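Just so you know, we're using the numbering used here here: the sequence shown kicks off at 2 and counts up by one. See structure below.
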Amino acid sequence: MLIYTRHLPRSFAAAALSRHSREDAPIHQARAEAQHAAYVAALGEAAPGARIIEAPADDALPDCVFVEDVALAVPGGVLFTRPGAESRRAEVEVARRLLLAAGLTERGALSPDDTLDGGDVLALGGLGYLVGRSRRTTPGAARALAQASGLPAVMVPVPGDELHLKSAITWAGPTHGLLCAESARPWFEATLAPILPGGAEGLGGVTFIADALAANVVIVGETALWQGQDCPNLAALRARPGLTWRRVDMSELARADGALTCCSVIFP
Ligand code: CIR
Numbered sequence: 002m003l004i005y006t007r008h009l010p011r012s013f014a015a016a017a018l019s020r021h022s023r024e025d026a027p028i029h030q031a032r033a034e035a036q037h038a039a040y041v042a043a044l045g046e047a048a049p050g051a052r053i054i055e056a057p058a059d060d061a062l063p064d065c066v067f068v069e070d071v072a073l074a075v076p077g078g079v080l081f082t083r084p085g086a087e088s089r090r091a092e093v094e095v096a097r098r099l100l101l102a103a104g105l106t107e108r109g110a111l112s113p114d115d116t117l118d119g120g121d122v123l124a125l126g127g128l129g130y131l132v133g134r135s136r137r138t139t140p141g142a143a144r145a146l147a148q149a150s151g152l153p154a155v156m157v158p159v160p161g162d163e164l165h166l167k168s169a170i171t172w173a174g175p176t177h178g179l180l181c182a183e184s185a186r187p188w189f190e191a192t193l194a195p196i197l198p199g200g201a202e203g204l205g206g207v208t209f210i211a212d213a214l215a216a217n218v219v220i221v222g223e224t225a226l227w228q229g230q231d232c233p234n235l236a237a238l239r240a241r242p243g244l245t246w247r248r249v250d251m252s253e254l255a256r257a258d259g260a261l262t263c264c265s266v267i268f269p
């Protein structure tokens, strides 16, 4: 297993893109750095044999810690994206250099007319992908992903004005199923459930989570990393056999709209 991460730049607290005002609660740079370091350590402990790449930060790219948006693990290699925010496009270059040097094969490419943030891509194992049609991701990106992966990639609207598809929903594999933010339940029932291959049951079911942050889990090996507020539904899910759950606090990164999945790309 290979895990790609990138250090937090010194410009993060002041300049990372954020839909929240910094006036009331400024991002705390040192706390964000400590949380990110603990996250990378948790990944390493969850996957002891994995090689972890920690790319150096670039202070000219305040969002560069959110590596999920720049590279996608696809069968046989990696698809590099073209992030929807122009200020983030240059983040791809270091990922390309380091991941190809690590031996991965580049698969496919986005056309210059398309944009794709990895936060919009929900991988459903061998069944394919759901791709969020957010403000960051264009329909052509799903075609590029299908070509690069050889798997179906279906475009779906994102709920409300979420930044990304995975801001509302992630998949913890067949034993634990989908985790969907409670606020996105109407969207899930009306829009997503009808088009899921085999329905939600075919993916292990769906659990609605009161805190949207806690619906964004990272599965690495047999471990699920999670953050945010607990709730009875989540506690019941954690009690199921098959995954060890570990809580990681990335609250300072969440102030720049980052969730747990945003900060790593995991190549099995
Ligand atoms: C951005 O707006 O692009 C960053 N501040 C947050 C990106 C979060 N990425 C993700 O959810 N995959």
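Glycine included, C-beta positions come from ideal geometry on N, C-alpha and C. A quick note: this is a predicted structure, and the numbers were derived from the prediction, not measured.
* Taking the beta strand (DSSP E) that Phe209 falls in, what are its first and last residues? -> Looking up residue 209 in the sequence shown gives position 208. Phe209 -> beta strand (DSSP E) spans Val207 to Ile210.
* Taking Arg247 as the reference, give the member of Leu44, Ala16 and Leu3 with the closest Cα. => Residue 247 sits at position 246 when you count from the first residue of the sequence shown. The residue with the shortest Cα to Cα distance from Arg247 is Leu44.
* Round the Cβ separation of Leu226 and Val249 to the nearest angstrom and send it over; I've been treating them as touching at under 8 angstroms. => In the sequence shown, counting from the first residue as 1, residue 226 sits at position 225. In the sequence shown, counting from the first residue as 1, residue 249 sits at position 248. With a Cβ gap of about 5 angstroms, Leu226 and Val249 count as contacting.
* At least 3 beta-carbon pairs within less than 8 angstroms: the segment 23 to 37 vs the segment 208 to 225 -> no
* To do: From the DSSP output, in three-state form, read off Ala56 for me.
  => Sequence index remark: in the sequence shown, residue 56 carries index 55 (1-based). Note: Ala56 maps to strand in three-state DSSP.
* Pull up the distance between the alpha-carbon of Ala103 and that of Cys264, whole angstroms please. => The residue you call residue 103 lines up with position 102 of the sequence shown. The residue you call residue 264 lines up with position 263 of the sequence shown. So the two alpha carbons sit approximately 19 angstroms from each other.
* Rounded to whole angstroms, what's the CA-CA distance from Phe13 to Asp64? Just pull it up for me. => By 1-based counting over the sequence shown, the position of residue 13 is 12. By 1-based counting over the sequence shown, the position of residue 64 is 63. Their backbone Cα atoms lie some 7 angstroms apart in a straight line.
* Asked: Helix, strand or coil for Pro158 per DSSP?
  -> As a working mapping, residue 158 is identified with position 157 in the sequence shown. In the structure shown, Pro158 sits in a strand (DSSP, three-state: E or B).
* **For Glu253 and Arg241, the rounded distance between their alpha carbons** => The residue you call residue 241 lines up with position 240 of the sequence shown. The residue you call residue 253 lines up with position 252 of the sequence shown. Cα to Cα, Arg241 sits roughly 30 angstroms from Glu253.
* Asked: In terms of residue numbering, what span does the beta strand (DSSP E) encompassing Ala74 cover?
  -> Translated into the one-based positions of the sequence shown, residue 74 becomes position 73. It spans Ala72 to Val75 - the beta strand (DSSP E) in which Ala74 sits, taken as one unbroken run.
* Tell me which same chain residues have a C-beta within less than 8 angstroms of the C-beta of Gly50, skipping the five on either side of it? -> In the sequence shown, residue 50 corresponds to position 49, counting from 1. So the qualifying residues of the chain are Met2.
* Nearest-angstrom Cα separation, counted from Leu123 out to Leu152 -> Taking the sequence shown and counting its residues from 1, one reaches residue 152 at position 151. Taking the sequence shown and counting its residues from 1, one reaches residue 123 at position 122. Going from the Cα of Leu152 to the Cα of Leu123 covers about 13 angstroms.
* To do: May I have the straight-line CA-CA distance separating Phe287 from Ala96, to the nearest angstrom?
  => With the chain covering only 2 through 269, there is no way to say anything about residue 287.
* **Own chain partners of Gly200 with C-beta closer than 7 angstroms, once the 5 adjacent residues on each side are dropped** => Taking the sequence shown and counting its residues from 1, the one referred to as residue 200 is at position 199. Counting only Cβ-Cβ distances below 7 angstroms, and skipping sequence neighbours, we find Ala194.
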